[in-house]
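Enquirer: This is the structure, below, for whatever I ask next.
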Amino acid sequence: MEKGINQRKTEHIRLCLEGDVEGVNKSTGLEGIHFLHNALPEIDFADISLETSFLGKALQAPFLVSSMTGGSELATTINQNLSLAAEQKGWALAIGSTRAFLESDQHKDSFLIRRQAPTVPLIVNIGAVQLNYGYGAEECQRIIDKTEADSIVLHLNSLQEAVQDGGDLNFKDLLPKIEQVCKQVNAPVGVKEVGFGIDGEAAKRLYDAGISYIDVAGAGGTSWSQVEKLRSKDPLKRAAAEAFNNWGNPTKDCLVSVRSQLPEAPLVASGGMKTGVDAAKAITIGADIIGYARHLLQAATESKEAVVQTMEQLELELKMTMFGIGAVNLEELKNTKRVSINGKSLLDA
Numbered sequence: 487m488e489k490g491i492n493q494r495k496t497e498h499i500r501l502c503l504e505g506d507v508e509g510v511n512k513s514t515g516l517e518g519i520h521f522l523h524n525a526l527p528e529i530d531f532a533d534i535s536l537e538t539s540f541l542g543k544a545l546q547a548p549f550l551v552s553s554m555t556g557g558s559e560l561a562t563t564i565n566q567n568l569s570l571a572a573e574q575k576g577w578a579l580a581i582g583s584t585r586a587f588l589e590s591d592q593h594k595d596s597f598l599i600r601r602q603a604p605t606v607p608l609i610v611n612i613g614a615v616q617l618n619y620g621y622g623a624e625e626c627q628r629i630i631d632k633t634e635a636d637s638i639v640l641h642l643n644s645l646q647e648a649v650q651d652g653g654d655l656n657f658k659d660l661l662p663k664i665e666q667v668c669k670q671v672n673a674p675v676g677v678k679e680v681g682f683g684i685d686g687e688a689a690k691r692l693y694d695a696g697i698s699y700i701d702v703a704g705a706g707g708t709s710w711s712q713v714e715k716l717r718s719k720d721p722l723k724r725a726a727a728e729a730f731n732n733w734g735n736p737t738k739d740c741l742v743s744v745r746s747q748l749p750e751a752p753l754v755a756s757g758g759m760k761t762g763v764d765a766a767k768a769i770t771i772g773a774d775i776i777g778y779a780r781h782l783l784q785a786a787t788e789s790k791e792a793v794v795q796t797m798e799q800l801e802l803e804l805k806m807t808m809f810g811i812g813a814v815n816l817e818e819l820k821n822t823k824r825v826s827i828n829g830k831s832l833l834d835a
């Protein structure tokens with residue numbers, strides 16, 4: 487029987503699959519972006535390319551399976567299906583927090599997925615707050631080595647920890663500790679939120695400390711205060727969490743803010759991403775890679791084939807968007823003027 491952190495991981499999955507875990511009256515902000523149809527695209531659909539690269543490796547599409555889970559029996563099935571599908575489709579792949587793997591070999595197969603995904607970029611994940619609870623560069627390097635990962639991402643989840651029963655709440659002086667990890671770990675170190683967003687000011691401090699890439703993980707999708715509210719057995723916390731059901735910076739606002747501060751930094755857009763059209767919108771305002779999480783989760787409980795089918799739909803939607811505006815590759819999509827943002831057309835600028 488699963489206990490402690492392993493049981494929590496299973497509960498997280500079940501709630502994300504079955505619970506009402508999205509923020510209330512909170513969107514990604516991407517609905518304010520509209521593409522201007524090009525009736526004469528002058529391109530062949532067959533020539534449209536989604537190819538790019540991330541962490542020094544080629545990708546067949548600018549897509550990332552975002553960090554979701556690890557450390558439970560159900561997580562093993564999910565991560566194996568995700569890794570097999572990511573390898574087949576040439577997507578980058580991130581796994582959930584590896585703290586459970588550092589503490590126990592139980593369910594280690596949920597983390598040891600490199601054998602299923604030998605060629606794609608693989609990212610491992612641990613909470614940045616753990617740097618205040620006995621973890622450091624040595625543990626980060628150990629998890630990279632054990633999983634054969636290309637990178638580690640530190641997740642920032644202060645509000646989730648505040649609602650979580652027994653959450654780790656000492657977020658003091660994390661930045662210098664993050665800087666030490668960046669200096670000492672022999673792999674790129676990224677940072678991500680968990681659905682409340684990273685703005686430009688915070689992103690610049692992190693980038694100046696040595697972070698290699700930023701995943702904004704903005705609001706508009708899963709709210710982890712909602713998830714932990716549903717898990718909590720503390721009536722005071724459950725009641726207080728209701729005041730935060732629409733908390734967070736929308737994904738669009740995060741992208742614009744971070745890109746204004748860091749024009750060249752690799753930037754991942756996650757948080758409420760559901761379609762290939764969402765991806766195209768995010769790319770036009772600065773994203774390089776698009777991360778999907780809960781949108782893939784149900785398929786990942788079923789089979790590799792179900793995940794591949796969802797991935798192929800997202801790729802097709804992105805290609806159709808590019809065809810609709812006459813962009814044959816991602817560079818042209820990034821620089822298109824066939825887009826209207828909050829009612830202002832770039833064609834008229």
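Residues in the sequence shown are numbered from 487 upward in steps of one, following my numbering.
For every residue, glycine included, the Cβ atom is placed at its ideal position computed from N, Cα and C.
Only a predicted model underlies this, so the values are computations on that prediction, with no experimental measurement involved.
Leaving out the 5 sequence neighbours to the left and right, which residues in its chain are closer than 6 Å to K678 when beta-carbon positions are compared?
Expert: These residues qualify, in order along the chain: V639, H641, D701 and A703.
Enquirer: Take K543 as the anchor and find which of S583, P607, G557 and K495 has the nearest alpha-carbon.
Expert: The residue with the shortest Cα to Cα distance from K543 is P607.
Enquirer: Is T605 helix, strand or coil when you go by DSSP?
Expert: Coil at T605, not helix or strand.
Enquirer: The alpha helix (DSSP H) with K632 in it runs from where to where?
Expert: Unbroken alpha helix (DSSP H) run through K632: A623 to T633.
Enquirer: May I have the straight-line CA-CA distance separating K594 from G557, to the nearest angstrom?
Expert: Straight-line Cα distance between these residues: approximately 7 Å.
Enquirer: So what does DSSP say about F540, is it helix, strand or coil?
Expert: If DSSP states are grouped into helix, strand and coil, F540 belongs with the strands.
Enquirer: Between the region 561-572 and the region 777-791, do at least 3 Cβ pairs fall closer than 8 Å?
Expert: Yes: at least three Cβ pairs fall under 8 Å.
Enquirer: How is L640 classed by DSSP in three states: helix, strand or coil?
Expert: Strand.
Enquirer: Using a Cβ-Cβ cutoff of less than 6 Å, which residues in the same chain neighbour I499 once the five nearest sequence positions on both sides are dropped?
Expert: So the qualifying residues of the chain are T555 and L560.
Enquirer: Could you tell me whether the region 681-694 touches the region 740-751, where touching means 3 or more Cβ pairs closer than 8 Å?
Expert: As far as the Cβ criterion goes, the region 681-694 touches the region 740-751, which means the pair count is three or higher.
Enquirer: Between which residues of its own chain and A768 is the CB-CB distance below 8 Å, once the five residues before and five after are set aside?
Expert: Here the set comprises L516, T737, K738, L741, A755, M759 and I776.
Enquirer: Which value, in whole angstroms, describes the spacing of the CA atoms of G829 and G518?
Expert: Their Cα atoms are separated by approximately 8 Å.
Enquirer: What number of angstroms, rounded off, separates the C-alpha of G598 from the C-alpha of I771?
Expert: Correcting the residue identity first, residue 598 is Leu in this sequence and not Gly. Whole-angstrom Cα-Cα distance: 35 Å.
Enquirer: Using the three-state DSSP reduction, which class does A751 fall into: helix, strand or coil?
Expert: A751 falls in the coil class under three-state DSSP.
Enquirer: Pick helix, strand or coil for V742, following the three-state DSSP scheme.
Expert: Residue state, collapsed to three classes: helix.
Enquirer: When you compare each of N656, R585 and N524 to K632 by their alpha carbons, which one comes out closest?
Expert: Ranking N656, R585 and N524 by Cα distance to K632 puts R585 first.
Enquirer: Between the alpha carbons of E625 and E647, how many angstroms are there, rounded?
Expert: Each residue's alpha carbon lies about 21 Å from the other.
Enquirer: Using 8 Å for Cβ pairs, my map puts G676 next to S644. What's the rounded Cβ distance?
Expert: Not quite, the Cβ-Cβ distance comes to about 18 Å (not below 8 Å), so this is no contact.
Enquirer: Where D834 and F809 are concerned, what is the direct C-alpha to C-alpha distance, given to the nearest angstrom?
Expert: So the two alpha carbons sit approximately 21 Å from each other.
Enquirer: How many whole angstroms separate the CB atoms of G757 and G683, which I take to be in contact at a CB cut-off of 8 Å?
Expert: With 8 Å as the limit, G757 and G683 qualify as a contact, their Cβ atoms being about 7 Å apart.
Enquirer: Tell me, which residues are paired with I776 by DSSP?
Expert: Its beta-bridge partners are F549 and A755.
Enquirer: Please report the residue range of the beta strand (DSSP E) in which D701 lies.
Expert: Per DSSP, D701 belongs to the beta strand (DSSP E) from Y699 to D701.
Enquirer: Just reading off the beta strand (DSSP E) that F836 is part of, what are its end residues?
Expert: This structure gives no information on residue 836, because the portion of the chain shown stretches from 487 to 835.
Enquirer: What is the rounded straight-line gap between the Cα of R601 and the Cα of A635?
Expert: Each residue's Cα considered, the two are about 11 Å apart.
Enquirer: Rounded to whole angstroms, how far is the Cβ of N735 from the Cβ of G509, which I believe are closer than 8 Å?
Expert: Their Cβ separation, rounded to whole angstroms, is 11 Å, which puts N735 and G509 out of contact at 8 Å.
Enquirer: Are there 16 or more other CB atoms within 10 angstroms of the CB of P548, so buried, or fewer, so exposed?
Expert: Label assigned to P548: buried.
Enquirer: Taking the straight line between their C-alpha atoms, what separation do you get for D506 and Q712?
Expert: When rounded, the distance between both Cα atoms is 8 Å.
Enquirer: Quick one: grab the DSSP three-state call for V825.
Expert: Here V825 sits in strand by DSSP.
Enquirer: Answer yes or no: do L804 and A773 have a C-beta to C-beta separation smaller than 8 Å?
Expert: Not a contact, by the Cβ cut-off of 8 Å.
Enquirer: Return yes when the Cβ of L660 is within less than 8 Å of the Cβ of V615, no when it is not.
Expert: Yes, they are a contact pair.
Enquirer: Which residues in the same chain have their Cβ closer than 8 Å to the Cβ of T761, if we skip the five residues on either side of it in sequence?
Expert: Cβ neighbours of T761 beyond the five flanking positions: L800 and E803.
Enquirer: What residue range does the beta strand (DSSP E) around S583 cover?
Expert: A578 to S583 is the extent of the beta strand (DSSP E) around S583.
Enquirer: To which residues of the same chain is Q592 closer than 7 Å at the C-beta, ignoring the five residues directly before and after it?
Expert: So the list reads N492, once near-sequence residues are dropped.
Enquirer: Please work out which residues of its chain come closer than 7 Å, Cβ to Cβ, to A857, disregarding the five sequence neighbours upstream and downstream, and give them in chain order.
Expert: Because the chain is modelled from 487 through 835, residue 857 falls outside the range shown and cannot be assessed.
Enquirer: Starting from the C-beta of H523, find all residues in its chain whose C-beta is less than 6 Å away, skip the five residues before and the five after it, and write them out in chain order.
Expert: G810.
Enquirer: Measuring straight from C-alpha to C-alpha, what distance separates I612 and G653?
Expert: Taking the straight line joining both Cα atoms gives about 14 Å.
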